[in-house]
Amino acid sequence: MSLAERVARLEALEAIRQLKHRYLNACDLKQVEAIRACFAEGEILIDYGPLGCFRERDSFVALYQQLACNERVIDLHHGANPEIELCGADQAEGRWALYYFNLDAVSGATRQLGGCYEDRYRCIDGHWRIVETRFRGHCTVLGRSLEAGV
Amino acid sequence: MSLAERVARLEALEAIRQLKHRYLNACDLKQVEAIRACFAEGEILIDYGPLGCFRERDSFVALYQQLACNERVIDLHHGANPEIELCGADQAEGRWALYYFNLDAVSGATRQLGGCYEDRYRCIDGHWRIVETRFRGHCTVLGRSLEAGV
Amino acid sequence: MSLAERVARLEALEAIRQLKHRYLNACDLKQVEAIRACFAEGEILIDYGPLGCFRERDSFVALYQQLACNERVIDLHHGANPEIELCGADQAEGRWALYYFNLDAVSGATRQLGGCYEDRYRCIDGHWRIVETRFRGHCTVLGRSLEAGV
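Protein chains in written order, with my numbering: chain A, -8 to 141; chain B, -8 to 141; chain C, -8 to 141.
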């Protein structure tokens, strides 16, 4: 690879990490349009196991709004251990761990979920987007806050 | 951007991430002088909500020492989802998620806090420093270890 | 440093982060051969405190298999706050925070452990490997899921 190609590779890895980070932060902060913009338009795959399987971004975003966009739902989506690999100049694959935590602001019930994302990304018009994402949880723990607070 | 400018941008992103990581690790390990050196000298802003608002680093570090530097306080400060953007050659903005966990080594009481940092960084004499940091928690959970250990 | 050297430095930092991420993900997913390949062959140091001290990778991997490779053990190993520094072209040091969480799938007992890795890496035949890793936990919390699930 030429030096320019090596720099472009590092820039792509950086952009893909920031894409996923923007998605995860937007999920915590309930920034619905920012979530939508992380996915490519047209046919994609969002396979979130028990939550459902979505072939385009709008139906996923609609479910997210219905489930998460109320004051009772307080969420953490923290990405960990990103392994990202380019497959050509405009495609990439990634594996991430996720720490997800949910607090029910009314009851104080908590749900912690650990799992793994397997993703595919594509660079479209100079912007990296998620085109496939599969999440599988393998560690669910239920609890209760002794006193819930915000 | 020239290739040299693109490399400089990647180096800056790397340095800023490591700055925040050094800060967070130093908070866990109670390395007071390392914490101080993460912030610029002179007028800055550290807005940690209920913990207080500080206009220079020494008053924040004094409070940190008073609150954290004893054997009863066991802390985790884990950064997640960094989104960093350069604004010119020597300024940058960043958004991070935080997983904070505190264990009271005497009582076994625990406090988990999730939230979001909004930061500004400046490169001064070749070193990136934090010049503004605002933290807002949105998920607090209180608990108790069945048996506290170190 | 020349531009080429600066790019090589960024590539090395990227490769070392991905090495540790691959190790941590493999520990969660019980990918034993992937774990083994993260460490150099020959004499190394794996000092995991109460878990033991190992001078080559095979004895550590054998213990990992014995402790973790059964359906009762559900683990999260999430790295945080990496600080990595090159020491020459083919050696590096790193400090990481770790969030470790274990769920006993039978009893629902949980153990959360926070701590710090101090690592040394070496680039051997073009591949970065872990040659020294010391982990010290400083925050252990025991609990119980109200209902364990996978």
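Ideal Cβ placement from N, Cα and C applies to all residues, glycine included.
Would you kindly check if the distance between the Cβ of B/Gly99 and the Cβ of B/Trp87 is under 8 angstroms? no
Residues of chain B with CB under 8 angstroms from C/Cys78, in chain order? Result: empty, since nearest Cβ-Cβ is about 15 angstroms, beyond 8 angstroms.
Tell me whether B/Asp19 is buried or exposed, calling it buried when 16 or more other Cβ atoms sit within 10 Å of its Cβ. buried
Does the beta-carbon of B/Arg48 have 16 or more other beta-carbons within 10 angstroms, so that it is buried, or is it exposed? buried
Please confirm whether any heavy atom of the ligand NAD lies closer than 7 angstroms to the CB of A/Ile115. Questions concerning the ligand NAD fall outside what the structure shown contains, since it holds no ligand whatsoever.
Run the CB neighbour count on A/Glu(-4), radius 10 Å, all protein chains shown included, and call it buried at 16 or more, exposed below. exposed
Local conformation of C/Asn16 per DSSP, three classes: helix
Inter-residue spacing [alpha-carbon to alpha-carbon] between C/Cys114 and B/Gly134: 44 angstroms
For A/Val(-2) and C/Arg125, the rounded distance between their alpha carbons: 33 angstroms
Bridge partner(s) assigned by DSSP for A/Ile75: A/Gly85
So who's on the other strand from C/Phe92, going by DSSP bridges? C/Leu67, C/Gln103
Based on DSSP bridge pairs, tell me the residues matched to C/Glu109. C/Arg86, C/Arg125
Helix, strand or coil for C/Arg46 per DSSP? coil
Strictly under 8 angstroms for the Cβ-Cβ distance: is A/Pro41 near chain C by that measure? no
CB contact flag (C/Leu(-6), B/Leu(-6), <8 angstroms): yes
Chain C contacts from the segment 3 to 19 of chain B (Cβ-Cβ distance under 7 angstroms): Glu5, Gln9, His12, Arg13, Leu15, Asn16, Asp19
Within 10 angstroms of the Cβ of C/Ala31, are there 16 or more other Cβ atoms? Answer buried if so, exposed if not. Answer is buried; the Cβ neighbour count reaches 16.
Compare the Cα-Cα distances from A/Tyr90 to each of C/Ala80, C/Ala83, C/Asp95, C/Gln103 and report the closest residue. Nearest C-alpha to A/Tyr90: C/Gln103.
DSSP beta-bridge partners for C/Ile35? In the DSSP output, where bridge partners are listed per residue, C/Ile35 has none listed.
Quick one: which residues of the segment 71 to 98 of chain C get their C-beta closer than 7 angstroms to a C-beta of chain B? List them in chain order. Residues of the segment 71 to 98 of chain C that bring their beta carbon within less than 7 angstroms of a beta carbon in chain B comprise Ala71, Asn72, Pro73, Glu74, Arg86, Ala88, Tyr90, in sequence order.
Give every residue of the same chain whose Cβ lies closer than 6 angstroms to the Cβ of B/Val97, excluding the five residues on either side of it in the sequence, and list them in chain order. Arg63
Cross-chain neighbours of B/Cys130 in chain A, by beta carbon under 8 angstroms: Ile65, Asp66, Leu67, Phe92, Leu94, Val141
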